[in-house]
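Asker:
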Amino acid sequence: MDVKPEGFVRRDEVRRVFAWTERLCVSRGWSYEVWTGADSVVLANLRTIGAARRKWLIDPATVAAVEPIAVSGINARQSTRSPDGGRCCRLRGPFVSGLANTPAPRWGATG
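The sequence shown begins at 222 in this note's numbering and counts up by one.
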């Protein structure tokens, strides 16, 4: 899978790279896909999750609050019914405070 902002996929150089990657994948029997984005909240959460692989950058109290919920297997719909309103399950709010000094790449996001 190649991931690029929608505006990039129209560039000739990027199209050539995609074509090469697709030929390589097909020659190996693999599928190939170009992904250009999603809802801005989903993208913000993906950037946050991506940054979470650097656990030392996230406030330890935030990690402690989120880990038990993640282990429990609660889903997003269930989290909105939780006593805290799902604050620990919605990634954007709790993690962003721990990553305030670590800007994530915006990849053409507008807001």
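All residues carry an ideal CB built from backbone N, CA and C; glycine is no exception.
My output table needs one value for W256: the three-state DSSP class, helix, strand or coil.
Answerer: Annotated three-state conformation of W256 is strand, per DSSP.
Asker: So, are the CB atoms of W256 and V224 less than 8 angstroms apart?
Answerer: yes
Asker: With DSSP as the reference, identify every bridge partner of D223, one or two as the case may be.
Answerer: Beta-bridge partners of D223 (DSSP): V255.
Asker: Have a look at M222, G228, A259 and flag the residue whose alpha-carbon is nearest the alpha-carbon of W241.
Answerer: The option with the nearest alpha carbon to W241 is M222.
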